[in-house]
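J.: Structure incoming, see below.
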Amino acid sequence: MTADLTNPIFTDETKAREYLESVRWPDGPFCPHCGEAENVKRLHGKSHRPGLHQCNSCRQHFTVTVGTLYERSHIPLHKWLLATHLMASSKKGISAHQLHRMLGITYKSAWFMAHRIREAMKDENPGPLGGEGKVVEADETYIGPKRYRLKNGKGWKPIKGHSGKWKVLTLVERNGKARSVKIEKLNTATIWQVATRVADRKSTLITDELRMRLLGIAPWATTSPATARSTTPRASTPAAPSTPTRSRAISRSSNAACAASTSTAASSTYSAI
Ligand SMILES: [Zn+2]
58 MTADLTNPIF TDETKAREYL ESVRWPDGPF CPHCGEAENV KRLHGKSHRP
108 GLHQCNSCRQ HFTVTVGTLY ERSHIPLHKW LLATHLMASS KKGISAHQLH
158 RMLGITYKSA WFMAHRIREA MKDENPGPLG GEGKVVEADE TYIGPKRYRL
208 KNGKGWKPIK GHSGKWKVLT LVERNGKARS VKIEKLNTAT IWQVATRVAD
258 RKSTLITDEL RMRLLGIAPW ATTSPATARS TTPRASTPAA PSTPTRSRAI
308 SRSSNAACAA STSTAASSTY SAI
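Residues are numbered in our numbering as their position in the sequence shown, beginning at 1, plus a constant of 57.
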C-alpha cells in the first residue's frame, strides 16, 4: 500500500472491496468456510449486497472480509483500510482520538478499530531478536503522566525526573523487529533477564546510556558460564571504574549462571577496547 491518502480505496467502498479482493484473492475467490476455490460464484442480484459470494460445496455465503479483522463491522471498509494504513505507517503511533477526528467516526468506534487492528498486528510466535553476527540495540524510557506536588507558597509544581513513571526497556534488532517490555527496576539483573529472554544469545548488544552496564554481555555467551569462569579469571579484569559496582549488582541476581557469564564476559569486552 502506498502512502497516497488520495487513493480511492480510502474513500470509495467499492474500490476498497476490490482492493482487498485483489490482495486476499490474487488467484480468485475461495470459500473461507470450507476452503473450496473452484465451486464458488459471485452473486450479482439486486437483493444481494455487493461482493457477496456463494460456495456451492458448503452452500454458505461470504464476502472478502470474512475471516479477517474487518469481519462483521458496520464501519465502512474504506475507513477500515484508512485506519489500518494510518496505524501501520505512523512512526509514533496514532491515538484512537486522532482516528476519531480523521475518519469522522465516534470515539468508541475508533477505539474499537484501533484495538482490532493492533490485535491483528500481533506476532503470535515471535522468535528471538538478533542472532549470530547480528546487532541488537537496547534503550530505556519512562512513560506516564506528569506528576505534581504542592510547594509552599508556589502552588502545584511538576515533579522533575521520572519517579512514579513506568519503565520500559526496548530492544531493537538492527534493520529488524523491536520488542518492548515493561520493567519494575532498571538495573543490570533485570536488563539481563529481559535481554536473554527476548534476544538470541549470540547477538551483539549495543546501547548508549546503558553501555557501562550492558557491555558485559556483548558478545553474549560465546562460551558456557562454567567454561567462561575457568578460562577468564575475574582477577584479570582490567581496572574500570564501574566494574566492581556492576559485579556486585549482577551477583545479587537470582540467576547465578547469568551472573558468572556476565562478569567474565565483561573482562573480555574491556580488554578488546
Ligand atoms: Zn464452502
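Glycine included, each C-beta is placed from N, C-alpha and C at the ideal position.
Considering just the uninterrupted stretch of the alpha helix (DSSP H) at residue 146, what are its terminal residues?
T.: The residue labelled residue 146 in the question sits at position 89 within the sequence shown. Per DSSP, residue 146 belongs to the alpha helix (DSSP H) from 134–146.
J.: Sort 236, 171, 99 by Cα distance to residue 185 and report the nearest one.
T.: Here residue 185 is taken as the residue at index 128 of the sequence shown, counted from 1. Out of 236, 171, 99, 236 has the C-alpha closest to the C-alpha of residue 185.
J.: According to DSSP, is residue 131 helix, strand or coil?
T.: Here the question's residue 131 lines up with position 74 in the sequence shown. Three-state result, residue 131: coil.
J.: Counting Cβ pairs closer than 8 angstroms, one from the segment 193–212 and one from the segment 167–178, do we hit at least three?
T.: Judged by Cβ distances under 8 angstroms, the segment 193–212 makes no contact with the segment 167–178, as fewer than three pairs qualify.
J.: Measuring alpha carbon to alpha carbon, tell me which residue in 62, 71, 222, 216 is nearest residue 133.
T.: Reading the sequence shown from its first residue, position 76 is the one you call residue 133. Cα-wise, what sits closest to residue 133 is 71.
J.: How close, in whole Å, do the beta carbons of residue 110 and residue 86 come, if the pair is a contact with beta carbons under 8 angstroms?
T.: Position 53 of the sequence shown, counting from 1, holds the residue named residue 110. Position 29 of the sequence shown, counting from 1, holds the residue named residue 86. About 5 angstroms; that satisfies the 8 angstroms criterion.
J.: Contact check, residue 143 vs residue 177 under 8 angstroms by CB: the rounded distance?
T.: The count along the sequence shown starts at 1 and reaches residue 143 at position 86. The count along the sequence shown starts at 1 and reaches residue 177 at position 120. Not really, about 14 angstroms apart at Cβ, beyond 8 angstroms.
J.: Could you tell me which whole alpha helix (DSSP H) segments of length 4 or greater appear in the segment 190–278?
T.: If we require 4 residues or more, the alpha helix (DSSP H) runs fully inside the segment 190–278 come out as 245–255, 268–271.
J.: Please identify the residue among 210, 202, 228 whose C-alpha is closest to the C-alpha of residue 217.
T.: One-based indexing of the sequence shown puts residue 217 at position 160. Of the listed residues, the one whose Cα sits closest to residue 217 is 202.
J.: Going by CA-CA distance only, name the one from 163, 173, 230, 224 that's closest to residue 238.
T.: Start at 1 with the first residue of the sequence shown, and residue 238 comes out as number 181. Ranking 163, 173, 230, 224 by Cα distance to residue 238 puts 224 first.
J.: Would you call residue 241 buried or exposed, if buried means 16 or more other Cβ atoms sit within 10 Å of its Cβ?
T.: As a position in the sequence shown, residue 241 is number 184, starting the count at 1. Its Cβ having fewer than 16 others within 10 Å, residue 241 is exposed.
J.: Rounded to whole angstroms, what's the CA-CA distance from residue 80 to residue 112? Just pull it up for me.
T.: As a first step, residue 80 must be located in the sequence shown, where it is residue number 23. As a first step, residue 112 must be located in the sequence shown, where it is residue number 55. Rounded to the nearest angstrom, the two C-alpha atoms are 20 angstroms apart.
J.: Rounded C-beta distance between residue 195 and residue 253? I'm assuming under 8 angstroms.
T.: What you label residue 195 is simply residue 138 of the sequence shown in a count that begins at 1. What you label residue 253 is simply residue 196 of the sequence shown in a count that begins at 1. Not a contact, Cβ separation roughly 12 angstroms.
J.: For residue 156, which of 148, 149, 139 has the nearest alpha-carbon?
T.: By one-based count along the sequence shown, residue 156 stands at place 99. Selected option, being the one with the closest Cα: 139.
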